[in-house]
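Residue numbers (my numbering), protein chains in the order written: chain A, 49 to 642; chain B, 392 to 585.
Idealized CB from N, CA, C, for every residue including glycine.
Worksheet: the structure to be examined is printed underneath.
Okay, here's the thing in structure tokens:
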């Protein structure tokens with residue numbers, strides 16, 4: 049036994065030296081492509097996510113042209129779309145459906161989640177808890193590459209015969225099963241990749257937060273962003289597997305001829321379908337929304353976390369009601385598992401079930417309101433620094449507020465019967481996710497960019513980006529409430545021209561289109577700023593924002609292993625403007641002065 | 392800085408990283424199979440008639456015993472390693488993997504019987520859910536065999552460098568294996584007997 053023990057110790061030391069020798073000479077491939085470093089993986093996630101956001105937004109800009117000017121040839125890119133999609137540059141309905149389905153899928157699963165969780169979670173969270181890396185670095189690398197494979201599969205589906213999936217991002221059967229092209233199979237396989245990636249990632253995140261917190265960093269001293277990531281990881285861990293199951297079942301329906309989601313006696317285009325039958329289309333909706341409602345909170349919680357960090361830093365005050373915020377997001381996480389069927393009031397589930405889900409939906413609005421209120425009260429009496437990240441974080445509050453409040457009429461079955469499947473719904477959830485979450489993500493990019501690169505982003509370009517985006521994006525989504533209240537249906541490739549009640553509403557499509565293209569234009573300063581600042585941005589030291597959380601005690605950019613000396617935490621995360629302190633920020637990593 | 396608590400437990404959580412990781416993974420697996428069992432219930436409740444006696448209870452029962460036996464050998468493997476008897480521990484890992492393989496061979500005969508009669512998953516809702524559930528379970532068995540083959544083969548070198556870490560890996564594999572076994576314990580009555 050003794051010999052083994054010594055042998056082990058030796059082996060360890062040896063391996064250690066070996067490791068160290070290698071750190072210096074990692075090749076390009078190991079350092080930037082197949083990296084095990086959480087910071088590099090985070091940046092890989094973030095850049096891939098940003099590219100997919102741009103791609104998903106481009107799809108929408110093309111769709112918006114079709115809606116604004118139905119039947120006109122699409123300028124610039126029309127000739128490139130191919131005769132199968134847009135003969136003479138005029139978009140076919142099938143192609144519009146592909147763009148719609150893929151816009152939703154890409155924005156949610158390939159854009160926002162990878163950026164918010166994979167990108168910010170990976171890069172910032174281990175730094176904020178004082179960890180040298182994630183708990184399982186190899187698993188971390190694998191999560192990214194599995195996500196990448198999912199992205200490639202989704203992207204490739206545009207180029208196959210018949211094109212990409214056409215049944216909306218929700219892929220409701222029977223349509224998604226009986227539609228002839230194979231885009232849906234690609235969609236399902238892609239989703240299975242993405243879900244697997246999220247599962248591996250969430251296990252890694254939870255273990256890292258529980259196991260690798262620095263000395264002195266108790267749970268109630270965790271930065272709010274870390275709490276948000278912890279709850280998000282639990283949602284991903286427990287809500288995604290049912291969609292994986294549903295994906296497998298739908299894949300069986302498509303490739304093995306089963307009929308899990310196909311009822312008996314289904315007639316398509318006047319012909320009875322020759323399948324065994326006995327399936328249930330509602331089953332898919334239940335399994336899908338059991339994931340997809342928690343998914344909404346997967347999208348919003350990291351955003352809330354980022355906004356909390358940025359607000360505390362730029363108000364130079366502690367976050368108001370830190371404990372209330374923490375309990376609110378935990379409660380939010382629990383409740384998000386029992387609200388899913390409020391997406392299904394129109395399916396004839398029965399009034400008893402509807403009543404249950406209306407009640408839980410009203411209850412879940414309470415913690416959201418607590419979060420928003422606490423953030424708003426944090427601003428009270430502060431001398432606010434209006435930096436670019438702060439502008440985006442401030443804009444998040446009213447934008448998410450509009451998104452949340454317009455959700456209430458949708459959560460109540462009587463008003464939902466009128467509003468469901470109209471542009472009102474589109475306006476509602478886009479206010480939550482686009483000027484809500486994506487603005488918060490921009491705040492995060494501007495805020496942590498100096499930590500990742502050692503350089504600041506340009507403030508002037510940042511402010512052009514902000515003001516342009518906030519004005520344009522409201523012209524995109526506000527008119528949708530008007531259209532939706534007027535009864536205009538979503539998913540119509542010509543906007544629904546044939547319906548008389550839409551006559552007065554179609555003009556808004558031109559306003560929305562122009563605003564969407566303007567929004568696209570105002571992303572250019574961001575792209576220039578992002579890449580330009582990597583090279584020419586102002587060089588900064590460790591703590592350019594004079595912040596208090598742990599990530600600012602590491603070098604900018606942090607090296608392998610993150611911290612030069614082992615970090616120790618002495619106090620809560622947001623000790624700003626402490627009376628009697630020598631400066632207006634007292635970092636959590638600074639020892640007490642005796 | 393090295394990543395802490397890869398082998399020894401963290402005092403305040405009482406767990407090593409890997410153990411917490413495998414339990415979280417199993418939690419997500421519960422949700423995966425939970426969704427599929429819910430599907431089974433929903434489809435069966437909504438069905439006009441549900442077939443009985445389509446499966447061979449004998450083969451199913453044999454497989455149940457094989458899996459339970461493999462769970463026992465898995466624990467013994469871990470216990471032997473804890474007692475510092477590497478070669479015996481390794482032997483029991485191999486026995487577990489072989490039992491798992493026998494399970495799959497048995498399953499193959501069951502599948503082949505159905506297909507030879509032209510009754511694949513497309514035949515009925517019952518066979519659809521049967522093939523999906525047992526197929527996914529079979530994939531989990533296959534995954535277990537791959538991990539055990541790694542532990543008994545190329546991964547066994549870790550014993551010399553760090554026996555505790557190796558023993559832990561066997562323990563985590565065991566936790567996973569018991570879960571896979573447990574899923575079958577539910578699958579057998581649900582599909583073969585009820």
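In or out: residue i buried (at least 16 other Cβ within 10 Å) or exposed?
i, result
"residue 150 of chain A", "buried"
"residue 357 of chain A", "buried"
"residue 343 of chain A", "buried"
"residue 548 of chain A", "exposed"
"residue 405 of chain B", "exposed"
"residue 225 of chain A", "buried"
"residue 593 of chain A", "buried"
"residue 209 of chain A", "exposed"
"residue 69 of chain A", "Per-residue confidence for residue 69 of chain A stands at a pLDDT of 40, beneath the threshold of 50, marking its modelled position as unreliable; no derived number is given."
"residue 464 of chain A", "buried"
"residue 290 of chain A", "buried"
"residue 583 of chain B", "buried"
"residue 391 of chain A", "buried"
"residue 47 of chain A", "In the structure as shown, chain A starts at 49 and stops at 642, and residue 47 of chain A therefore has no counterpart that could be examined."
"residue 545 of chain A", "exposed"
"residue 337 of chain A", "buried"
"residue 448 of chain A", "buried"
Throw me the rounded Cβ distance for the residue i and residue j pair, which I believe falls under 8 Å.
i, j, result
"residue 557 of chain B", "residue 550 of chain B", "5 Å"
"residue 104 of chain A", "residue 122 of chain A", "Not quite, the Cβ-Cβ distance comes to about 17 Å (not below 8 Å), so this is no contact."
"residue 436 of chain A", "residue 514 of chain A", "6 Å"
"residue 647 of chain A", "residue 199 of chain A", "The structure shown does not extend to residue 647 of chain A, since chain A is modelled only from 49 through 642, so no value can be given for it."
"residue 446 of chain A", "residue 623 of chain A", "In fact, because the Cβ distance is near 28 Å, the residues do not count as touching under 8 Å."
"residue 479 of chain A", "residue 538 of chain A", "About 15 Å separates the two Cβ atoms, so there is no contact after all."
"residue 489 of chain A", "residue 164 of chain A", "6 Å"
"residue 408 of chain A", "residue 386 of chain A", "5 Å"
"residue 364 of chain A", "residue 632 of chain A", "5 Å"
"residue 415 of chain A", "residue 380 of chain A", "4 Å"
Going by DSSP, which residues form a beta bridge with residue i?
i, result
"residue 78 of chain A", "The partner list for residue 78 of chain A (beta bridge, DSSP) is empty, contrary to what the question assumes."
"residue 624 of chain A", "A:633"
"residue 315 of chain A", "A:320"
"residue 87 of chain A", "DSSP, once it has assigned bridges, lists no residue as partnering residue 87 of chain A."
"residue 616 of chain A", "A:263"
"residue 442 of chain A", "Bridge partners of residue 442 of chain A: none, in fact."
"residue 587 of chain A", "A:503"
"residue 470 of chain A", "A:537"
On the DSSP letters alone, give me the boundaries of the alpha helix (DSSP H) that residue i sits inside.
i, result
"residue 572 of chain B", "554 to 578"
"residue 431 of chain B", "408 to 437"
"residue 465 of chain A", "461 to 467"
"residue 168 of chain A", "Here residue 168 of chain A belongs to no alpha helix (DSSP H), and DSSP marks it neither H nor E."
"residue 515 of chain A", "507 to 533"
"residue 504 of chain B", "477 to 507"
"residue 570 of chain A", "Here residue 570 of chain A belongs to no alpha helix (DSSP H), and DSSP marks it neither H nor E."
"residue 407 of chain A", "399 to 426"
"residue 457 of chain B", "448 to 473"
"residue 185 of chain A", "185 to 204"
"residue 301 of chain A", "272 to 303"
"residue 523 of chain B", "516 to 543"
"residue 21 of chain A", "Because residue 21 of chain A is not part of the residues shown, which for chain A are 49 to 642, the question remains open."
"residue 150 of chain A", "141 to 153"
"residue 607 of chain A", "Where residue 607 of chain A is concerned, there is no enclosing alpha helix (DSSP H), given that its DSSP letter is neither H nor E."
"residue 344 of chain A", "329 to 363"
"residue 224 of chain A", "223 to 226"
Inset, instruction - Determine, using beta-carbon pairs with one atom in the region 263 to 270 of chain A and one in the region 190 to 198 of chain A, whether at least three such pairs fall under 8 Å. - result: no
Inset, instruction - Could you tell me whether the region 247 to 263 of chain A touches the region 227 to 239 of chain A, where touching means 3 or more Cβ pairs closer than 8 Å? - result: no
Inset, instruction - Taking 8 Å as the threshold, find out whether the region 500 to 509 of chain A comes into contact with the region 603 to 611 of chain A through three or more Cβ pairs. - result: yes
Inset, instruction - May I ask you to verify whether the region 406 to 415 of chain B touches the region 174 to 191 of chain A, counting CB pairs closer than 8 Å and requiring at least 3? - result: yes
Inset, instruction - Evaluate contact between the region 573 to 582 of chain B and the region 418 to 432 of chain B, counting only Cβ atoms and requiring at least three cross-stretch pairs below 8 Å. - result: yes
Legend entry - contact_flag[the region 535 to 550 of chain B, the region 426 to 441 of chain B] where n(CB pairs < 8 Å) is 3 or more: Judged by Cβ distances under 8 Å, the region 535 to 550 of chain B makes no contact with the region 426 to 441 of chain B, as fewer than three pairs qualify.
Inset, instruction - Report yes or no: do three or more beta-carbon pairs, one from the region 166 to 178 of chain A and one from the region 253 to 260 of chain A, lie closer than 8 Å? - result: yes
Legend entry - the region 511 to 531 of chain B touching the region 476 to 493 of chain B, judged by at least three CB pairs closer than 8 Å: no
Inset, instruction - Evaluate the contact criterion for the region 570 to 588 of chain A versus the region 504 to 512 of chain A: three or more CB pairs, one atom per stretch, below 8 Å. - result: yes
Legend entry - Any 3 or more C-beta pairs closer than 8 Å across the region 338 to 354 of chain A and the region 272 to 280 of chain A: yes
Legend entry - Stretch pair the region 502 to 513 of chain B + the region 299 to 314 of chain A: three plus CB contacts closer than 8 Å: yes
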